[in-house]
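Chains as they are written, first to last, in this note's numbering: chain A, 19 to 347; chain B, 10 to 420. Cβ atoms here follow ideal geometry from the backbone N, Cα and C, with glycine treated the same way. Worksheet: one structure, shown below.
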């Protein structure tokens, strides 16, 4: 087939397509993915950025024309003066910092589970289990856990500070010297409570990354280190950890991204409440643009653009690091 | 005769394409409540319409309420049905202003609706024109545990002193006066609206939601001061910020709380929680400013014609049809709410009878804070109410913040 005569005195071997086939093949395979990535990711990013310069309630009029009105940088100016925006930004930072706990805790559990004991596979599965559950379910379960009326925290509190009595209509009720803590309704604690819930699956994820990393730790080096008298902490720090660097890098990347895109747990557990104090940028954007009381597409897009820029800084850094690593090899 | 699966699927596909195509006499209706009661009421009305208009081929799409709220922005401009359900008041304003809803004043003119639906006319009107036809509304007020009140020899309070005295008696007996769940915010707006309507009246409610009065205005501050007294005295249940309105029924059903400021749709919830009709009763939110004309909260649901509808002629027939007294009577009997047409019959539940009495003698009907105020203001306002209920000392900061939002929203 490839060698048939084209009738012009040339065979198809001479065509440009044939000569460049090695270069073209990868692009051919990547093309579908690129197309979808462009349509569903790249183009929407630029659309959001452009919408952020308009004041728009998301409606097209009967003629199908957008009702958007150009306001330039006004949405961004409003952001600077928006208390809720700063609360969301601050919460994003809190998420970033505390979500990072998943990395060392994941490492600790991985080291602990990296033993040969009967039934270790079962223990590993149990620790990995939370990552398998959907975030929405995790949010629901922790919502109940924190519930002051019937949750674990509420029950413990009641056992300590409340006593059961019979109320005026003869039903059992509890009288407490102090009401049980309503964690998800407390502006100071709610964000931490959600992060704590989010850590549960994230630790499992980091643990798996480290377990795979530990499988690749070279036994010769450990042997050699032992002969040199390294044990415990010194062994971990100077021999094991350096070999786990790729796993650590990956764990940090997924945790940072996980923290920045936190949305579902917040939607399930508090819907940004009480009074917006658990909002993060992603949820605040959803709330202003497309939720029940949101019809400010321009403003929402401005928030999305800010979040995008923050992510861009991180992601570019990580991409750059990865590129350097690949080059170095 | 045997059909292959392929063939029947093909035929099914064919029949759906035919029925969604824009033939004359096709009427597509988008409705927003798949719950059993509302769905049955709507479907019965559609059946009756079909019987009266056999030449019209009606297609209904029943969507989840939340999904409908998101979808309506798209389908009004992209693929408009002939009729859609939506809310009156400020909730319809964006669509009216964008020219996406059809002016249906002619339907009102032709069917004497200006008189028969007079109670709800102001909220269906923008720029002096009517934009839709309502099919139901319901009262708000105070639902209370009659057995607890009887035990403590309490009567239905009619003014603020009696209300406070009753609350004190309840607290002395170890009962929290009022249950509420503010997780989804709008419930707190019900309390705010009633305090505002009773302290300042209907005009102030309308002016506030229209952005003509500041939140730091003395009159609005008075509302918050009264509310502060209630919160600080312990009138409301603890933990309300993590409870939905349904979860807040639990202390009410258990006898730990005695009153609930709510809409009539909640009666079903009380019964599901095990209370009998003898244990619950209803009274109008008591008078606070003596002699002030009494206005009530009465949200209505309505149908609208999108301006891109293909079959506006039959859509107009349908709108005229659903406001007929007999249709409204039957529909509202099914869903346990009140018909708007004044010639319709009210169902015989005692709550509906009292509700009808309450609303038909009211001097004005408010839609509800979140329907009367624009979305952004409503959201900020209701978050403010929740924050205030959790910590009344933040009152001034909250009011100032709401003023700032108001400046942004209304100009």
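Exercise for the section: Measuring alpha carbon to alpha carbon, tell me which of B:243, B:219, B:387 and B:188 ends up nearest residue 263 (chain B). Expected result: B:188
Handout entry: Same chain only: Cβ atoms within 7 angstroms of residue 196 (chain A), ignoring 5 sequence neighbours per side
Key = 179
Handout entry: Buried versus exposed call for residue 75 (chain A) [16 or more other C-beta atoms within 10 Å across all chains shown]
Key = buried
Handout entry: Presumed contact (8 angstroms Cβ cut-off) between residue 211 (chain A) and residue 164 (chain A), rounded CB distance
Key = 6 angstroms
Exercise for the section: Go to residue 108 (chain B), then tell me how far its beta strand (DSSP E) extends in each direction, as first and last residue. Expected result: Residue 108 (chain B) -> no beta strand (DSSP E), and no H or E assigned at all.
Practice task
Just mark residue 166 (chain A) as buried or exposed, buried being the case when its beta carbon has 16 or more other beta carbons within 10 Å.
Solution key: buried
Problem - Contact the segment 246-256 of chain B vs the segment 404-413 of chain B: 3+ CB pairs below 8 angstroms - result: no
Practice task
Could you check the C-alpha separation between residue 329 (chain A) and residue 317 (chain A) for me, to the nearest Å?
Solution key: 19 angstroms
Handout entry: Proximal residues to residue 94 (chain A) (C-beta, below 6 angstroms), its chain only, five neighbours per side dropped
Key = 320
Handout entry: Inter-stretch contact (C-beta, 8 angstroms, three-pair minimum) for the segment 253-268 of chain A and the segment 173-191 of chain A
Key = no
Problem - Neighbourhood of residue 153 (chain B) by C-beta, 8 angstroms cutoff - its chain only, sequence neighbours within 5 removed - result: 165, 267, 268, 269, 289, 290, 291 and 292
Exercise for the section: Determine the DSSP secondary structure at residue 45 (chain A), reduced to helix, strand or coil. Expected result: helix
Exercise for the section: Please state if the CB of residue 202 (chain B) and the CB of residue 378 (chain B) are separated by a distance shorter than 8 angstroms. Expected result: yes
Exercise for the section: Label residue 340 (chain A) either buried or exposed according to how many other C-beta atoms from any shown protein chain fall within 10 Å of its C-beta, with 16 as the threshold for buried. Expected result: exposed
Practice task
Taking only the alpha-carbon atoms, compute the straight-line gap between residue 142 (chain A) and residue 121 (chain A) and give it to the nearest angstrom.
Solution key: 17 angstroms
Exercise for the section: Measure how close the beta-carbons of residue 288 (chain A) and residue 208 (chain A) come, nearest whole angstrom, since I'm counting them as under 8 angstroms. Expected result: 6 angstroms
Handout entry: Segments of 3+ residues assigned as beta strand (DSSP E) that fall wholly inside the segment 77-105 of chain B
Key = 92-95
Handout entry: Contact between the segment 299-314 of chain B and the segment 84-94 of chain B (3+ Cβ pairs under 8 angstroms)
Key = yes
Problem - Neighbouring residues, chain A, relative to residue 86 (chain B) (Cβ below 8 angstroms) - result: 77, 78, 79, 80 and 82
Handout entry: For residue 290 (chain B), three-class secondary structure by DSSP
Key = strand
Handout entry: Contact with chain B by residue 182 (chain A), beta-carbon distance below 8 angstroms
Key = no
Problem - chain B residues whose Cβ lies nearer than 7 angstroms to that of residue 187 (chain A) - result: 156, 157 and 264
Practice task
Compare the C-beta of residue 19 (chain A) against all C-beta atoms of chain B and say whether one is closer than 8 angstroms.
Solution key: Residue placement at residue 19 (chain A) cannot be trusted, given a pLDDT of 45 that sits under 50; what the coordinates show is reported in the next sentence. Judged by the 8 angstroms Cβ criterion, residue 19 (chain A) is not in contact with chain B.
Exercise for the section: Could you confirm whether any beta carbon from chain A is found closer than 8 angstroms to the beta carbon of residue 396 (chain B)? Expected result: yes
Exercise for the section: Count the CB pairs spanning the segment 104-117 of chain A and the segment 299-307 of chain A that are closer than 8 angstroms, and state whether there are at least three. Expected result: yes
Exercise for the section: Kindly list the residues whose CB is nearer than 6 angstroms to the CB of residue 31 (chain B), restricted to its own chain and excluding five residues on each side of it in sequence; keep chain order. Expected result: Confidence in residue 31 (chain B) is poor, its pLDDT being 45 and thus under 50, which makes the residue's placement unreliable; the coordinate value appears in the next sentence. Cβ neighbours of residue 31 (chain B) beyond the five flanking positions: 319.
Handout entry: Under the three-state DSSP convention, the category residue 233 (chain A) falls into
Key = helix
Handout entry: Partners in chain B for residue 191 (chain A), counting only beta-carbon separations shorter than 8 angstroms
Key = 263, 264 and 265
Handout entry: Cutoff 6 angstroms; reference residue 209 (chain B); Cβ partners in own chain excluding five residues on either side
Key = 228
Exercise for the section: With a threshold of 16 other CB atoms inside 10 Å of the CB of residue 219 (chain A), please say whether the residue is buried or exposed. Expected result: buried
Exercise for the section: Report the rounded CA-to-CA distance for residue 62 (chain A) versus residue 158 (chain A), giving the unit in angstroms. Expected result: 31 angstroms
Exercise for the section: Can you give me the Cβ contacts of residue 395 (chain B) inside the same chain, cut-off strictly under 7 angstroms, excluding the 5 residues immediately before and after it? Expected result: 191, 194, 197 and 250
Practice task
Please list the partners that residue 410 (chain B) has in chain A, where partner means a Cβ-to-Cβ separation under 7 angstroms.
Solution key: 101
Practice task
Kindly say whether residue 109 (chain A), judged by its beta-carbon, lies nearer than 8 angstroms to any beta-carbon of chain B.
Solution key: no
Problem - Residues within the segment 307-328 of chain A neighbouring chain B, beta-carbon criterion of under 8 angstroms - result: 308, 310, 311, 312, 313 and 314
Practice task
Please report how far the alpha carbon of residue 240 (chain A) lies from the alpha carbon of residue 41 (chain A), in whole angstroms.
Solution key: 44 angstroms
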